[in-house]
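Have a look at the structure below, then the notes.
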Amino acid sequence: MLPLRVFAIWFLLAVLAIANGTVRVKLLQPRVGDAAAHVMASLIFIAVIAVVAGLFARWMAPSLSAGALWAVGTTWLVATVLFEFGFGHWVMGHPWSRLLADYDLTRGRVWSLVLVATLVLPVVMGRLRLRG
0 MLPLRVFAIW FLLAVLAIAN GTVRVKLLQP RVGDAAAHVM ASLIFIAVIA
50 VVAGLFARWM APSLSAGALW AVGTTWLVAT VLFEFGFGHW VMGHPWSRLL
100 ADYDLTRGRV WSLVLVATLV LPVVMGRLRL RG
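Numbering that gives the first Met the number 0 numbers the first residue of the sequence shown as 0 and each following residue consecutively.
Written out as structure tokens, the structure is:
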């Protein structure tokens with residue numbers, strides 16, 4: 000049952016990520032430009048991941064070990080990268096170079112921080128839940 004819950008929550012994150020991307024393109028970019036919109040949307044989505052991971056932890060963490068929480072984060076990370084590249088390339092038609100560009104920290108592209116948050120936040124929120 001746990002894997003189904005982990006993927007259901009990841010699916011929720013995927014829907015929220017698409018909504019976040021839509022807000023970035025439609026609302027933020029016209030007002031602040033691409034670079035600032037990218038950073039703002041990335042930070043907003045890290046906050047979203049924290050909230051979702053916190054709710055997940057409230058629901059599941061008491062029964063999960065630290066290793067299981069790392070497995071959750073790893074599952075969410077792998078699913079995110081596979082979705083991003085699969086959907087981005089084969090559905091949206093973006094070239095691999097465009098998809099990889101979001102990982103270039105030297106150009107102010109901070110999407111990799113979202114991926115780190117995706118991996119780490121289930122563990123952090125789970126540990127905080129166990130302490131509280």
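Beta carbons are placed, not taken as given, at the ideal position from N, Cα and C, and that holds for glycine.
Distance CB(residue i)-CB(residue j) smaller than 8 Å
i: A8; j: F44; result: The identity of residue 8 in the sequence shown is Ile, whereas the question assumes Ala. No. Outside cutoff.
i: V109; j: V5; result: no
i: V47; j: L15; result: yes
i: L12; j: V50; result: no
i: R128; j: R57; result: yes
Residue i to residue j span [Cα, whole Å]
i: L98; j: G66; result: 31 Å
i: S62; j: R126; result: 11 Å
i: V31; j: L1; result: 41 Å
i: V71; j: M124; result: 12 Å
i: L27; j: S96; result: 24 Å
i: H88; j: P94; result: 6 Å
i: S111; j: A100; result: 10 Å
i: M36; j: Y102; result: Reading off the sequence shown, one finds Ala at residue 36, where the question assumed Met. The alpha-carbon atoms of A36 and Y102 are separated by roughly 15 Å.
i: V90; j: L3; result: 25 Å
i: L104; j: A116; result: 15 Å
i: L68; j: F10; result: 17 Å
Rounded Cβ spacing between residue i and residue j (contact assumed at less than 8 Å)
i: A40; j: G20; result: 7 Å
i: A34; j: G107; result: 5 Å
i: L114; j: T79; result: 7 Å
Backbone secondary structure at residue i - three-state DSSP
i: H93; result: coil
i: S41; result: helix
i: V113; result: helix
i: R108; result: coil
i: L27; result: helix
i: D103; result: coil
i: S64; result: coil
i: G32; result: coil
For the 8 Å Cβ check, are there 3 or more pairs between the region 106-122 and the region 63-83? Touching, per the Cβ criterion.
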